[in-house]
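One structure is given here, and the rest of the page talks about it.
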Amino acid sequence: MGKAEVTQAILVTYELVGQSISDAAVKAMVAELSSYPESDVLVALTRCRKELRRVTLADILDRIPGGHLGVEEAWAIVSRGLQDESISMVWTDEMAQAFGPALALAHDPVAARMAFKEAYTRLVQDAKAMNSKPVWKVSLGFDVQGRERALREAIEKGRIGYQYAQKFLPSLEVAPEVVAALPALRGMGR
């Protein structure tokens, strides 16, 4: 990562929010942020300048894109599977783990949602702290048409690659122009 550019971005961010920061603190921040892609750090610092009146290292880390879905988007995927086992889902380990507490409360949709949100938020925070990216996996329901829909959607959103999807549904075909347009379809995704 370009230390000079990140250092300058930290200094500008602190100046714009009206905070002062010592040289030692800047060096410590740069060292802490060095394990993340520079472009992600710069995006996070830009968000801090726009969203906050005071900035901490935790604020910056919270805004580094990690590839994990937000809790509401994750719930939208998972909630479909609570009452219908025929549903196929493409989800992350964090979503699958948070699904457990929600499933135990499926009889009460509000409690299930709250349990999922709490568990998912904690799991994603832990994953971000470890600088781990989400790994998308397929959970097949028994509705074959639903499988195809779920796999196509995941391919189109770049969550899984075409070849990976074909392992679960060998008859899955995608138009050549779509394959050429999406990097995940060319095998760059999982």
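Mapping of the sequence shown onto the numbering used here: residues 588 to 777, in sequence order. Think of the CB as a built atom: it goes at the ideal place given N, C-alpha and C, for glycine as much as any other residue. Quick caveat, the model's predicted, so the values are computed rather than measured.
Identity of the residue in the options nearest residue i by Cα
i: S705; options: V630, W662, A591; result: It is Glu, not Ser, that sits at residue 705 in the sequence shown. Nearest of V630, W662, A591 to E705, Cα basis: W662.
i: R734; options: P696, L756, Q750; result: L756
i: T633; options: L710, R709, L598; result: L598
i: A591; options: S607, S621, G728; result: S621
i: Q732; options: A618, L759, M616; result: L759
i: E619; options: R709, G748, L644; result: L644
i: D730; options: L648, S673, Y751; result: S673
i: M717; options: P696, E638, D649; result: D649
i: T600; options: A741, K614, A611, A631; result: A631
Beta-carbon contacts of residue i that lie in its chain and below 6 Å, excluding the five residues immediately before and after
i: L603; result: R636
i: Y623; result: I651
i: A698; result: L692
Identified DSSP bridge partners for residue i
i: V725; result: V677
Chain-order list of residues whose beta-carbon lies under 8 Å from that of residue i (same chain, five-residue window excluded)
i: S543; result: Residue 543 lies beyond the stretch modelled for the chain, which goes from 588 to 777, so this question has no answer here.
i: R736; result: S675
i: L738; result: S675, V677, V725, I747, A752, F755, L756, L759
i: M775; result: At M775, the pLDDT of 42 sits below 50, so the modelled position is not reliable; the number obtained from the coordinates is stated separately. So the list reads G748, once near-sequence residues are dropped.
Contacts around residue i, its chain only, beta-carbon distance under 7 Å, and the 5 residues preceding and following it disregarded
i: M616; result: I597, L644
How about the stretch 711–723 and the stretch 670–680: do they share at least three Cβ pairs that are nearer than 8 Å? Yes, they touch.
Jot down the residue ranges of each uninterrupted alpha helix (DSSP H) in the stretch 644–704, minimum 4 residues, whole runs only, in chain order. The DSSP assignment places 644–649, 658–665, 667–670, 680–691 as complete runs of the alpha helix (DSSP H) inside the stretch 644–704, in order along the chain (cut-off: 4 residues).
Given 8 Å as the limit, is there contact between the stretch 623–635 and the stretch 656–671, that is, 3 or more CB pairs closer than that? They do not touch, by the three-pair rule.
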